[in-house]
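First residue of the sequence shown? That's 1197 in the working numbering, and the numbers climb one at a time after it.
This report refers to the structure that appears directly beneath it.
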Amino acid sequence: MMDAEARILEKLNAEQAEAVRHCDRHLLILAGAGTGKTRVITHKVAWLVEVLGARPWEIMAVTFTNKAAGEIKERVARMLGGSFSFEKNDWPYFGTFHSQGLRMVRRHADLLGLDGDLTICDDEDQVALVKRVLTEMDVDPKQVPPKQVAAFIDGCKNRFQYPEDLPDDWYTDLSRGVQAQAYRAYQKRLRDANGVDFGDLICLPVKLLKEHPEIRSFYQFHVKYLLVDEFQDTNTAQYLWLKELGSPKNLVTVVGDDDQSIYRWRGADVGNILSFPRDFPDARVVRLEQNYRSTGHILAAASAMIARNQRRHEKTLRPVREEGHRVVLVRAVNELDEVRFVVARLKKLRETVPLREMAVLYRTNAQSRVFEETLQREAIPYRIFGGIRFYERAEVKDALAYARLVVNPRDDLSFLRVLNTPPRGVGGVSVDRLVERSGMLGMPLYACARDAVRSGTVKGKGARGLDEFVALIDAFRAELADAPASDVLRAVLTKTGYRTALEDELARGSLDAEARLENLDELVASATTFEHEATQAGIRDFLDHVGLMTSVDLTAGSDDTEMLSLMSVHNAKGLEFQVVFTVGAEEGYFPHFNARTSDDEVEEERRLLYVAFTRAKDRLYVSYALTRSRYAGPEGRMPSRFLAELPEDAIDRGRPGAPSGSAVRPAPPAQGGSLKPGWMLRPAASPVPSEVPANAQRVVHPAFGVGVVVGEEGYGPARRVTVRFQSVGTVKLPARQVRPA
C-alpha cells in the first residue's frame, strides 16, 4: 500500500506539492485563478493529520462562505477515508470567519456583556435598527438615509473601530457627526437587545484576544495550525484577528490571489496580502501558476492586462491547456446591438455547449435589463444571481422573527416586526407609547409590554393585543425552547394564525399568498434537512445556521439547470463557465465612473475585469458599445482603457455568424499594434449629416467620425455638446471627446 506521503502528493504538481509539504514556518500561497487552490488546502490538512500527526482540534481552517467551508470538509473527509467525523465535532474549527467568531463570542459572552442566547442581526435588521435610532434622534431619514449610516457602521467595524474608538472631532464634524452619534446609539440598542451584527462577529473576538491575554494564550496553544482561504478578501479587523491568533509557535498559512481582490467597497484590503511577508517576516512564499481552467489565449489576454497593476505580487499564469480560441473583441453601436450579438452567438454555440455552461457578466446589475427583455422574447431560459434571497423574503423573516423571540426575548427588532403580524389591534400610538416607556425604564419591549398594560400606558384594544402577544411568546418559550427547529417553526406558523391568514388570502384568489405559503413550507423543509445533517439541531442552532449565511451561499453556485447565467462580475467570482460574454467593456463601467479618482481604485477595476476574463474556460467574448441610452438620450461611450493592454496575437476582431441587419462591427485594429488607452482607431470619415445649418460647427470624434454640433451646455470641464453624426445619429458627449474637423 502506498504510504501517506506519496498518496497525498501523488496528483499534485511541483508547486502544489511544495505548498503542501512546507510546514516549518508561516506560509503565503499565492494561488492564481484556476491553479487548484482548494486542492492544495485539502491536501495540506490531510498532510498535517496523516504525516505530521496533528489532532483535529489543533487545526483551524477559515474561509468566507459556508459553501467553501463545506467543500473543504467533504474533500478532507474523502481523503482521510473516514478517519475522523465532522458530524461528531472532531473538527470544530472548520468554517467561515463569522462562524468561528460566533463560537468565540458565545463561549466568552459574559466577558462581553452578553449572554449566550444572542441574536445575529442581518443587513435588513441593521438598517431597521438604524432607522429607529435616527427617528429617536429626530433626524429625517430622507436627509440621512439609514442605509448610508449602516454602511458607515460597517466601514467602522471593518476597520475595527467601535464608537469609543472614533476621533472626538467626528462627533461634531458636519459630514460625519450624525453618523457617528447614530453609531453610538445603534451599538447601545444592539447590546440592550443582546444582539450582534456581522461586524461584531469579527471585532468582538479581536477585543477578547487583545484585552484578555489568558484567552489569547489558550487559543494560540490549542490551534497549532491556522489556515485562511481567500486571504485577499480580508478586511482590517479580520487581519487583526489573524495576527492575534498567530504566534511563533503555531503555523499560519494564508492562501489567496491579490489579482482577484475585488471587494474594496465592502472593506477588503488588498494591502493585507501584500504586507503579509512583512508582518510575518519568516514567512515563505509559494506561487501556484499552472492554470488548469482556461485556454492559452484567454490567459495571455488576462495576464497581459493584470501585469499593468503596480501593487501586486509578481506571478504569471501558465496554461496547462492548448491555446484554443482567441478572445473575440466586439464593437457595438449601442446596447441593443450588443445584446443581439450575444444572443446570436449563444444560439449558435448552444448546438454544442449547454446553456448552463454560458454566462453573461456585467459591471452593474442595471445592465441586465436589456438582456432579460431580449431573452424573454427569444424564449431563452436564464437566471439572475443577486435577486431577493430566500431568507430575506418577508414571510420567511416573519417566521424567523417569532423563533428568535423564543430564543432571545430581548430582541426588540423581532418583537416590533411580528407584534402585529398577523394584526392584533395594537395601533401605532400604542406601539409608540410602549417604545417610549421601554426607553425610560431601560427594559426590553417584551418585558415592558406587561408593565405597559398594568400601568395603563396602553389601554383598550391595544392592551388586549399586547396581552395576547406576550402570552403567546410566554407559551412558546415554555414549550418549545428545547424543541427541534422544524417543530418550533410549525408551531409558530400555526398558533400565531400566520398560516391561516395566508390561507384565507389564497381562498380569495391571491397568487402572492400561494407563493408565500410555498416559501414557508420550504422554510420548514430546510429546518428538517438541517436536523438530519447537524449534530445539534435545536432552534438556536438553526437560527445561527441561517444568520451566518452569506450572499454567496444564498445566490451563487452551479447546478444542472439548463439556463443561461446573468450576473455581475462580483457575483461571478469563484465560478467558471465554458463560454463567457463580458459586456460593457467601456469607460464608466471598467473602470466604473465612481472609481477613477485614485490609482488604487483603477487597479481594483482592472482586477475586476481580470476576474471576468478568468471565469472563461474555452471561449471569451468582450464587447463594448459606442452609445448607450440614458435618461437624456443616447450617450457616447469610449472603450475601456484596459482593452488597450490586450496583446494583439490573443485577440480576434472578427464576428463570424453575425445576425443579418446587425450594426455590430469588428473592433478595429490598433495603430502600431496596440490600442491607445481609452481610444480606438478612427474609422473612415463620415460625410456631414444633411439638414443642418450651413454655419454649424463641424467636429470629428475618434469612433463616430465627422459630425456637426447642434447644441451645447455647461462650462469648462463640465461642458457637453450634442453632435449629429451620420454613422450613429445624435449623441451627447463631453466636449473634450471631439475636436474641430
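Every residue gets a Cβ at the ideal spot worked out from N, C-alpha and C, and that includes glycine.
| With 16 as the cutoff for other CB atoms within 10 Å, does HIS1408 come out buried or exposed? | exposed
- request: Take SER1882 and list the residues in its own chain whose beta-carbon comes closer than 7 Å to its own, dropping the five residues that flank it on each side.
  value: Because the pLDDT at SER1882 is just 38, under 50, the model does not fix this residue reliably, and the value given afterwards should be weighed accordingly. These residues qualify, in order along the chain: GLY1901, VAL1902, PHE1921, GLN1922, SER1923.
- Item | Selected residue, minimal CA-CA separation from PRO1936, among GLN1893, CYS1219, ARG1527 | Ranking GLN1893, CYS1219, ARG1527 by Cα distance to PRO1936 puts GLN1893 first.
- [ ] Put PHE1838 into one of helix, strand or coil per three-state DSSP.
- [x] helix
- request: Would you please state the rounded distance, in angstroms, between the beta carbons of LEU1298 and ASP1740? I believe it to be under 8 Å.
  value: Between LEU1298 and ASP1740 the beta-carbon gap is near 6 Å, inside 8 Å, which marks them as a contact.
Check your understanding: Helix, strand or coil: how does DSSP classify ARG1704 here?
Key -> coil
Nearest CA to the CA of ARG1480: which residue from GLU1841, LEU1771, ALA1215? ALA1215
Tell me the DSSP secondary structure of ALA1697 in three-state form. helix
* To do: Within the same chain, show all residues whose beta-carbon is closer than 8 Å to that of VAL1625, passing over the 5 residues directly before and after it, in chain order.
  => Cβ neighbours of VAL1625 beyond the five flanking positions: GLY1658.
Check: Distance, Cα to Cα, ASP1717 vs VAL1688?
Finding: 13 Å
Cα separation between ALA1210 and GLY1463?
35 Å
*asked:* Here's the rule I'm using: 16 or more other beta-carbon atoms within 10 Å means buried, otherwise exposed. How should GLY1743 be labelled?
replied: buried
*asked:* Tell me the DSSP secondary structure of GLN1922 in three-state form.
replied: coil
Span separating the alpha-carbon of CYS1352 from that of LYS1207 = 44 Å
Based on the DSSP secondary-structure assignment, which residues constitute the bridge partners of MET1763? LEU1557
Hey, HIS1294 and PHE1394: beta-carbon distance below 8 Å or not? yes
Integer-rounded CB distance, given that VAL1323 should sit under 8 Å from LYS1338: At roughly 15 Å, the Cβ-Cβ gap does not stay under 8 Å, so LYS1338 and VAL1323 are not in contact.
What are the start and end residues of each continuous beta strand (DSSP E) run of 3 or more residues lying completely inside the segment 1393-1422, in chain order?
none
Enclosing beta strand (DSSP E) for TYR1911 [first to last residue] = Neither: TYR1911 is in no beta strand (DSSP E) and is coded neither H nor E.
Relative to the alpha-carbon of VAL1523, which residue among GLN1506, ARG1507, ARG1536, MET1501 has its alpha-carbon at the smallest distance?
-> MET1501
With ILE1458 as the anchor, note down where its alpha helix (DSSP H) starts and where it stops.
No alpha helix (DSSP H) contains ILE1458, which DSSP labels as neither H nor E.
- Query: The alpha helix (DSSP H) spanning THR1690 covers which residue range?
  - Reply: 1681-1691
Nearest to ASN1604 (by Cα), restricted to the options TYR1578, GLY1661, TYR1642, ARG1633: Residue TYR1642 is the option with its Cα nearest to ASN1604.
Q. Anyone know if the C-beta pair for TYR1694 and ASP1455 falls short of 8 Å?
A. no
- Query: Looking only at DSSP bridge pairs, what is GLN1486 linked to?
  - Reply: ARG1514
| request: With DSSP as the reference, please indicate the residues paired to ARG1629 in a beta bridge. | output: Beta-bridge pairing links ARG1629 to no other residue.
Spatial distance of PRO1359 from ARG1380 (CA atoms): 5 Å
message = Given this structure, state the Cα-to-Cα distance separating TYR1435 from GLY1520, to the nearest angstrom.
response = 40 Å
Check your understanding: Skipping 5 residues on each side, what residues in its chain have a beta carbon closer than 8 Å to that of VAL1895?
Key -> VAL1902, GLY1903, VAL1904, VAL1905, VAL1917, VAL1919, VAL1934, ARG1935, PRO1936, ALA1937
Assuming HIS1897 is part of the beta strand (DSSP E), what are its boundary residues? 1894-1897
query: With respect to the alpha helix (DSSP H) encompassing LYS1263, which residues constitute its N-terminal and C-terminal limits?
result: 1262-1276
Note to self: Counting C-beta neighbours from all protein chains within 10 Å, is the total for ARG1704 16 or more, i.e. buried, or is it exposed?
What the structure shows: Exposed is the call here.
Can you give the Cα-Cα distance for THR1238 and TRP1437, rounded to whole angstroms? 23 Å
### Message
Restricting to Cα atoms, I'd like to know which of ALA1721, GLU1772, GLU1844, PRO1341 is closest to PRO1552.
### Response
Residue identity differs from the one stated: residue 1552 is Arg in this sequence, not Pro. For the residues ALA1721, GLU1772, GLU1844, PRO1341, the minimum Cα distance to ARG1552 belongs to GLU1772.
*asked:* Taking the alpha-carbon of ASN1468 as reference, which of SER1457, ASP1683, PRO1252 has the nearest alpha-carbon?
replied: Checking every option, the nearest Cα to that of ASN1468 belongs to SER1457.
- In angstroms, rounded to a whole number, what distance separates the CA positions of THR1432 and SER1634? Cα atoms of THR1432 and SER1634: separation of roughly 36 Å, rounded to the nearest angstrom.
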